[in-house]
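So the structure is just underneath, and the comments pick up after that.
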Amino acid sequence: MEGRQRRSFTDDYKRQAVDLVASSGRSIGSVAKELGLRDSVLRRWVELRGTGREPTAAARRPTTQATLPSADHAAEIARLQRENERLRMERDILKKSIANLCWGAEMRFRFIEDRRADDPVTILCDVLGVSPAGYYAWRSRPESQRSVANRELVDDIKRVHRETNGRYGSPRIHVELKAQGRGASRGRIERLMRHHGIRAIMARPRRVRTTDSRHDLPIAANLLERNFTATAPNRIWLADITYIETDQGWLYLATVMDLYSRRIVGWAMADHLRAELPLAALRMAVSAQRPGAGLIHHSDRGVQYASAEYRKVVQSAGLRASMSRKADCYDNAPMESFFHTLKIELVYHTHYATRAEATRDIFAYIEGFYNRTRRHSAIGYVSPIEMELKAA
C-alpha cells in the first residue's frame, strides 16, 4: 500500500524515470510530481546515470544568408504569400467551423468571437456567410448570464480536455469538474462539447496474437469464473500481455493489475514473448506490493504463464494460480479493458520509430497518468491510487 509502506522500485522503473527526464526536456521536479516521487529521489537517480542536456547539432548549426530577389520578383512573392495566407486562413476556418455551418447566426457569431484573435474578422464573416456589421452589432449587445456561464464552463471543459491530452470524454470531464467544485450536469457538458467539437480521442484497433495455448503444460483451474470483484487490495491480480507497433518491430508489454484498485502493480517491456517478460512484471508486483499468501493470480493459459519457471515463482510467492478458458478474452475482461484504454488514449495516436520511444511513453502513461490521475469508471471515477488509499 502506497500510504503505509516504503515504495520499492525496480532498476527498469528507475531507468525509465531518468529517460523520461532526459527525453522530455522537463524539469526533475515536474517529472517527479507526475510519478509521485520526491524530487531528491529522482535527482539522485539522474545523477547516478550522469544524464545531461546538450544542445542538438541542429541547434548549433549556423544559418545561411539567402540571396535577395529583384524588386519585381519580391513584389510577386509578397502577393503570392498574401494569397497563400488568405487560403490557409479560409481552410483553417472551414475545418474548425464545419459543424457550425448548420447553425444560426448566433452560433456563427460565437465562433467568430472565439477565432478573432487568430484570423481577421472580415475573412471569418465572409467564410461563414454573415456580415461584419451583424457580428459587431451582436458583439455590442450585453451578454446573458447563461451565455457567460456557458462560456466559462467551456473554458473549464477545454482545460480538463487539454490536461488529459484529449483522453477524457463527457463522463470523466463531468466527474473531474465536479471534484473541482464546478457544478454542471453531464448532459449540459456533453451538449457543449458536441457544439464546440470537443471529443475524446478514438481509433480503430488492430489484433495481434500474443497467446499460444497450444501446449501440454499444466493448466490451472479458473478460480474467478468472471466474478471480477475484490474486497481489498492484493486479493486478486490479473496478468496479461499485449503489443505495440514500432518501426523496429513489435514491443511487447506484460502487466499485472490489482483487481480491487485497477492499479497496474507490475509491468515489463521487451522485444520478445518469452516467459522472462511476464516474469519481470510479476517480480516487480511482488517486490512492490509484498502480498500475503493466498492471493489469486489470474491469467490466460498461454505458454508463458504455464511454463515451469513462471509457475515456480507464483508458488514461491504464495499465490494461487487461476487461468481463463481457452481463447476466451472475457475471462480476463478488466485487463483487456486496460489494454484497450492504453491503445485508444495513447498508442493508436502515436508513431513510434523505435521501441525505446514507445517504452518511454508507456512508462509515463502507466506511472504518471493511469495509476495516479485517470478516473476509472469501474471504481467510481477515482484513480487507482485513490482507491487504494480509501482502503488504507
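Each residue of the sequence shown is one higher than the one before, counting from 3 in the numbering used here. Every residue, glycine too, gets a C-beta built ideally from N, C-alpha and C. Bear in mind that the values here come from a model prediction, so they are computed numbers and not experimental data.
C-alpha gap between residue i and residue j, whole angstroms
i: D333; j: L22; result: 35 Å
i: G268; j: R164; result: 28 Å
i: K16; j: E338; result: 27 Å
i: D249; j: H353; result: 8 Å
i: A335; j: I191; result: 29 Å
i: V305; j: V316; result: 15 Å
i: L284; j: R303; result: 16 Å
i: R313; j: K392; result: 32 Å
i: A241; j: F341; result: 11 Å
i: A181; j: R264; result: 20 Å
i: R46; j: R84; result: 53 Å
i: V150; j: D14; result: 50 Å
i: R117; j: H197; result: 15 Å
i: S289; j: A295; result: 14 Å
i: E247; j: A256; result: 15 Å
i: T69; j: L82; result: In this prediction, T69 has a pLDDT of 46, which is less than 50 and means its spatial position is unreliable; nothing more can be read from the coordinates.
i: R51; j: G27; result: 16 Å
i: N152; j: E108; result: 14 Å
i: E56; j: V132; result: Low local confidence applies: a pLDDT of 32 at E56 is under 50, so the model's placement there is unreliable, and no value is given.
i: E49; j: V20; result: 9 Å
i: A202; j: A282; result: 33 Å
i: D41; j: R327; result: 45 Å
i: W252; j: H351; result: 16 Å
i: D128; j: G31; result: 48 Å
i: S29; j: R228; result: 44 Å
i: E154; j: V43; result: 39 Å
i: S318; j: R9; result: 22 Å
i: Y372; j: R143; result: 45 Å
Limits of the alpha helix (DSSP H) - the one that residue i falls within
i: D260; result: Counting along the chain, D260 falls outside any alpha helix (DSSP H), though it belongs to the beta strand (DSSP E) covering G251 to D260.
i: G189; result: R188 to H197
i: I243; result: Note, I243: premise wrong, no alpha helix (DSSP H); beta strand (DSSP E) at I238 to T248.
i: L26; result: Looking at the sequence provided, one finds Ser at residue 26 rather than Leu. Its alpha helix (DSSP H) spans residues D13 to S26.
i: I175; result: S172 to A181
i: H163; result: Q147 to E165
i: H342; result: A335 to E347
i: S301; result: First-last for S301: I298 to S301, but that is the beta strand (DSSP E), not the alpha helix (DSSP H).
Contacting residues, own chain, Cβ-Cβ under 6 Å from residue i (five flanking each side not counted)
i: L225; result: I298 and S324
i: E347; result: R169
i: A222; result: A323, S324 and M325
i: T12; result: M286
i: P293; result: N236
i: S25; result: R362
i: V349; result: I246
i: E36; result: G370
i: A270; result: A256, L279, A282 and A283
Buried versus exposed, by CB contacts within 10 Å (16 or more), residue i
i: N86; result: exposed
i: S187; result: exposed
i: D260; result: buried
i: P280; result: buried
i: E145; result: exposed
i: N167; result: exposed
i: A355; result: exposed
i: Q147; result: exposed
i: A360; result: buried
i: A135; result: exposed
i: A34; result: buried
i: E369; result: buried
i: A119; result: exposed
i: A139; result: exposed
Short Cβ contact (8 Å threshold) for residue i with residue j
i: V156; j: Y137; result: no
i: Y254; j: I266; result: no
i: A277; j: E311; result: yes
i: A308; j: L219; result: yes
i: D158; j: R174; result: no
i: I238; j: H300; result: yes
i: V258; j: A232; result: no
i: R374; j: G38; result: yes
i: F230; j: Q18; result: no
Residue i - containing beta strand (DSSP E), residue span
i: V267; result: I266 to A272
i: S309; result: No beta strand (DSSP E) contains S309, which DSSP labels as neither H nor E.
i: A323; result: R322 to M325
Beta-carbon contacts of residue i that lie in its chain and below 7 Å, excluding the five residues immediately before and after
i: A234; result: Y262 and A393
i: S172; result: R188, I191, E192 and M195
i: A272; result: Y254 and L279
i: V162; result: Y170, I175, E178 and L179
i: C331; result: E338
i: I200; result: I159, K160 and H163
Contact set for residue i: own chain, Cβ-Cβ below 8 Å, skip 5 residues either direction
i: H378; result: R264, V384, S385, P386 and M389
i: T66; result: Residue placement at T66 cannot be trusted, given a pLDDT of 42 that sits under 50; the coordinates are not used to answer.
i: Y367; result: L344, E347 and L348
i: R141; result: F111 and E115
Cβ-heavy atom distance, residue i to the ligand NAP, below 7 Å
i: R9; result: As for the ligand NAP, it is missing from this structure, which has no ligand bound.
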